[in-house]
Structures are given as C-alpha cells and as structure tokens.
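Chains as they are written, first to last, in our numbering: chain A, 1 to 244; chain B, 245 to 488.
First the structure, in the form of structure tokens, and then the observations on it.
There are 2 protein chains.
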Amino acid sequence: MLAINREQLGYIPEERGGEVTGPLVVIDRQPGTQQAIRIDCSKLGSGAWSIPSQVEHLRFETKAKFILAIETASLFQRLVHHRYYETARCILISMSGVPTRACRRFIRRLADDQRLPVLAFTDGDPYGYCNIYRTLKVGSGQAAHINRFFCVPQAHYLGVTPQDIKDYDLEDAPHPLDAVDIKRARDALKNDPFIKHHKEWQLALQQMIALGVRIEQQAFAKHGLNFVLETYLPQKLKKGVFLP
Amino acid sequence: MLAINREQLGYIPEERGGEVTGPLVVIDRQPGTQQAIRIDCSKLGSGAWSIPSQVEHLRFETKAKFILAIETASLFQRLVHHRYYETARCILISMSGVPTRACRRFIRRLADDQRLPVLAFTDGDPYGYCNIYRTLKVGSGQAAHINRFFCVPQAHYLGVTPQDIKDYDLEDAPHPLDAVDIKRARDALKNDPFIKHHKEWQLALQQMIALGVRIEQQAFAKHGLNFVLETYLPQKLKKGVFLP
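As structure tokens, this is what we get:
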C-alpha cells in the first residue's frame, strides 16, 4: 500500500461537502492557471465558502481561537446571520450531517496547520454522537486504512449533551428516543471501539437511554431564538468541559 | 393567505443548499452591518459560493450566457477543475440531488433578473427526471401554494436523455433499471401533471422503460474522463434541442 490517499494522487473524488465562514483566509490555487488566490471567508455575505473535494494544497491564515463544527445548516445560518464568528472569534463549519471525507480533511489540515482546537455541536441524539461526531473524530468504519488522514483527533464534543437537558431546563422540549435511536446507542456501547475507549461517552449514552429522550439543537429556542448564541454557547465555552 | 413566502418574512428556514461558481458577481449584504458586499464567484479557487437560505435581497451582475444546473457534486467539481464556466461562458450550479427551496429560488431570481436560460444536467434515470428536474422546473408536490416562488419555469433539460444512450454509444455502460426506477417512471406517466402535460417527457420515460437501463453522468467516462466537457456538452449546446 502506498502511504498516500486518493486525493493526493489527483483523483477527483465524489464527495464535496462542508461550508466555512469566519475570520479565515484560505489560500487556494485558481483552476487552470494555478495562480494563488486568497479567499477571505469573512467577506462572503450571508453565504459561505463551500469546501472543494481536494484540500491538500490549501494554505491558511487566521486569528481565530477555535473551530466550531456544526451539524445543521439552519443553526449554521443563524450563527452566520448574527456574525457569531466575530463575537466568539471562531471559524464556523457546517457539516450538514455526517461530515464528508473532504470536510474532515479540511478541518484536520486547518486545525493542524493553525494549532486550533475543534469543537463539535450536533443534535443530542445517538446519531449525533455515534455517527456524526464519531466520524469527525476518528473517521468512518468503512475506510479504516486511511482514517488517519480523514479524522480530527483534536476534536472535542461541546453539545448537546444529556446533561444539558437538566442544566438548561429542556425536559419538556425533547422528543422521545425511538427504537432505532436506542438500538444505535446500545450497539455503540457494545461494539464501537471509540465508545468503549471513553467512559465519558458510555456514561452519556447510558444517561440518554435512561432519560429516554433526544434533544435537537433547536430545542434551546424555548428560551428565545438566540439563546443558543447568546447564552448556551458562551456558557459552555467558559466552562470548558467537553466530552472526549 | 399572504402573498409572500417564509423567507420574505425573515424566517430563517432549515434549508441551505446549492453551490455556485463562474462569471457572476453576487451583491449581498454583510450580516450585522448590512453593508453591500460584492462576491465574485469566479475568484473562489477550487471551491464555490454556497447559497444562503435567504436569497430575496441578492442582486447580480454577469456576462454569462446561461446557467447550467448540475445534479452531482463530482461532475460540478470536474467542470470547476477545468474552468468549464469560462469555455462555455456559463454559471455553474451544483444542486447535490433534489434542489432545496433556497437553491431553486436563487436560480429563479438570477435567471429572471439577468434573463438567462437555465439548463439542467442530471443522471439519466427516473429520479433525475421526475424528482430532481421536475422539482427544479415546477416545484415540489408538498408546497403547491408557494411553488410559483420556488420553481424555475425557464429551465430546460439538457441530459442525460434516453436518446443519448444511442447517440453516444453508451449501450454497454448503463445499469439496468431496478424495480423502484420502473415504478417511479410508471407512476409519473400515470399521475404527474407535469409529465402528463409534456408528450416529450412521456416519450422519454417510455423509451427508458423500453430500453430498461439508466445512465449516470459519469457513463461518458468510457470515452475519456473529459469527454463530457470536451464533446458531449458542446455538441448538445450546439444542437440546442432540449426536453421541456
């Protein structure tokens, strides 16, 4: 096996995916001319820069303090709308569900290059924990031989945690876990080496199964549409306690 | 009912989706300051501008001759990589499957404002015809009352058509239609007012059922990886015969 990946060989993979905005300059090359071009991700209006499928050649300049990787496009849009990336001095990345290879590799290279912590913010459910966050952090089960390129070991999990249900008075907002959620959580507890490696995740999944509920990112809207950016995120960041 | 849509009321909808590149300047407003900002979609390197969820306020400047809306991110990436938007003087839009409301509304506003024709390029299968293209052109079945905002009546269908299988010698490349494809085609022939309105689409679906095959956009790769941009697209554009 060659110790390089498909993207390094110049193959154009299927997957694009992921959008980025905030105080970041990406130095890319123009297709065709190969001239260097600077893309200022803070000057894209209400849109964002969509991450290309090949990211190995990108270079970065930023004064951000961390990267916030977000599950849903709607929350990403809300944070962009309120310029949360200025308030918090962070780079916002929308994963739109399970992050693609390109999205993970982009976050990894950016985090390595600029020595940035990475925080993930997903719905509080087994899919958010065991599929989205797990894939971001350690890669996908199907591609074990190249996961070391397509994972973000410096990622930590900000929320939504089962503990947040209690801390933020969300008991009435969550949806009951359905059978497929419970099965996913139990399978992960039994079989997923990542979950089995981290007692904190085992406790979180057990707490979620015991509570019997899941919490979507928008559940905080019961406290006001901007509660998540004005209160929840600042408090969680100040506290600085994240799941591994 | 008010004759306005959710986006016009300032509601932030779930859906983002769609990426744009090519000879287009989008005039957006910076979130927060509301200052006008010009986004040159030809200067985004190997990436693209991701379309925000609200597009009503956008203004446009372009010298492009048409808009090419593409189903798959991989073909979009290949066209970007080879700067096809310069060769063909077109704006490229990646729909990534069935286009979201935001993506359709963006294409509609851009096409109306700049009087541009819109051509759609999807896989040649019932899903590409009856879901992706149909939703682009006339909107989704679920949102009949607002479809007049979220559809692109000026769209025409470039390919991949069943006739292309013969014209481009693809008989050995296609995959057989599976049961769900055949059911989708038959349902559309029987129940979809859009298909029932256009004899050309009825003939295309019947031809596809008779051939028993589907053709993916990448099927052209049997003639070389760049056949689609060097031969197929130029020939189809020159011929100028599109499905309605």
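The beta-carbon is built from N, C-alpha and C at its ideal position, and this holds for glycine as well.
All values derive from a computational prediction rather than experimental measurement.
Residues of its chain near P99 (chain A), where Cβ-Cβ distance is below 8 Å and the 5 sequence neighbours each way are ignored: Taken in chain order, the residues that qualify are G17, G18, A69, I107, I132, T135, L136.
Extent of the continuous alpha helix (DSSP H) run through C130 (chain A): Looking at the DSSP string, C130 (chain A) is not in any alpha helix (DSSP H), and its letter there is neither H nor E.
Candidates B:L469, B:L487, B:K480: closest to L323 (chain B) by CA position: Ranking the options by Cα distance to L323 (chain B), first place goes to B:L469.
Spatial neighbours of F227 (chain A) in its chain, beta-carbon cut-off 8 Å, leaving aside the 5 residues before and after: Closer than 8 Å at the Cβ level, and outside the excluded window around F227 (chain A), lie F220, A221.
Segments assigned beta strand (DSSP E), at least 3 residues, entirely inside the segment 130-212 of chain A: Inside the segment 130-212 of chain A, DSSP marks whole beta strand (DSSP E) runs of 3 or more residues at positions 155-159, from first to last along the chain.
Closer than 8 Å to chain A by CB, I453 (chain B): Chain A contact via Cβ: absent.
Contained alpha helix (DSSP H) runs [length at least 4] in the segment 330-373 of chain B, N- to C-terminal order: DSSP assignment within the segment 330-373 of chain B yields the following whole alpha helix (DSSP H) runs of 4 residues or more, N-terminal first: 345-358.
Contacts that A48 (chain A) makes with chain B (C-beta to C-beta distance below 7 Å): Within 7 Å Cβ-Cβ: S294.
Chain A contact residues for L336 (chain B), given Cβ-Cβ distances below 8 Å: Neighbours of L336 (chain B) on chain A: none; closest Cβ ~12 Å, over 8 Å.
Proximal chain A residues relative to D272 (chain B), where beta-carbon distance stays under 9 Å: Result: L44, G45, S46, G47.
Residues that Q54 (chain A) contacts on chain B, provided the C-beta gap is smaller than 9 Å: For Q54 (chain A), the residues of chain B that pass the 9 Å Cβ criterion are S290, Q321, H325, in the order they occur in the chain.
Cut-off 6 Å between Cβ atoms - residues of its own chain near M1 (chain A), not counting five sequence neighbours on either side: With a pLDDT of 44 at M1 (chain A), under the threshold of 50, the modelled position of this residue cannot be trusted; read the value that follows with caution. Scanning its chain for C-beta atoms nearer than 6 Å, with the 5 sequence neighbours on each side dropped, one finds no residue around M1 (chain A).
Collapsed DSSP secondary structure at L288 (chain B) in the structure displayed: Note: L288 (chain B) maps to coil in three-state DSSP.
Buried versus exposed, by CB contacts within 10 Å (16 or more), L203 (chain A): Exposed, since its Cβ has fewer than 16 Cβ neighbours within 10 Å.
8 Å Cβ cutoff, I351 (chain B) in contact with chain A: No - not a single Cβ of chain A is within 8 Å of the one on I351 (chain B).
L177 (chain A) versus A:N191, A:P162, A:Y232, A:Y168, residue with shortest Cα-Cα distance: With respect to the C-alpha of L177 (chain A), the residue from A:N191, A:P162, A:Y232, A:Y168 having the closest C-alpha is A:P162.
Contact set between E489 (chain B) and chain A, taken where Cβ atoms lie within less than 8 Å: Shown here, chain B extends from 245 to 488; a query on residue 489 (chain B) therefore has no answer.
Residues sharing a beta bridge with R282 (chain B), DSSP: Looking at the DSSP assignment, R282 (chain B) forms a beta bridge with B:I271.
Buried/exposed call for T366 (chain B), threshold 16 Cβ in 10 Å: Buried.
Residues bridged to E305 (chain B) [DSSP beta-bridge criterion]: E305 (chain B) pairs with B:V269.
Per DSSP, cross-strand counterpart(s) of I67 (chain A): According to DSSP, which records beta bridges pairwise, I67 (chain A) is partnered with A:I91, A:V118.
Interface partners of A465 (chain B) on chain A, CB under 8 Å: In chain order: nothing, as chain A lies at least about 11 Å away.
Residue-level contact to chain A via CB, P267 (chain B), 8 Å cutoff: So, not an interface residue.
Own chain residues within Cβ distance below 6 Å of E305 (chain B), not counting five before or after: If you ignore the 5 residues before and after E305 (chain B), its C-beta comes within less than 6 Å of the C-beta of V269, all in its own chain and listed in chain order.
Candidates A:V180, A:G47, A:C130, A:S94: closest to A188 (chain A) by CA position: When each option's Cα is compared against that of A188 (chain A), the closest is A:C130.
V324 (chain B) - containing alpha helix (DSSP H), residue span: Following the DSSP letters along the chain, one finds V324 (chain B) inside the alpha helix (DSSP H) bounded by residues 317-325.
Proximal residues to A355 (chain B) (C-beta, below 7 Å), its chain only, five neighbours per side dropped: The answer, listed in chain order, is I311, V362, V396, Q398.
Rounded separation between S46 (chain A) and R273 (chain B) - CA only: Looking at the backbone, the Cα of S46 (chain A) and that of R273 (chain B) are separated by about 7 Å.
Helix, strand or coil at V264 (chain B) [DSSP, three-state]: Strand at V264 (chain B).
Span separating the alpha-carbon of G368 (chain B) from that of H223 (chain A): Approximately 48 Å, taken between the alpha carbons.
Residue closest to Y127 (chain A), alpha-carbon to alpha-carbon, out of A:H156, A:S74, A:R184: The shortest Cα separation from Y127 (chain A) among A:H156, A:S74, A:R184 belongs to A:R184.
Cβ pair I426 (chain B), I409 (chain B) closer than 8 Å: Against a cut-off of 8 Å, the Cβ pair of I409 (chain B) and I426 (chain B) comes out as no contact.
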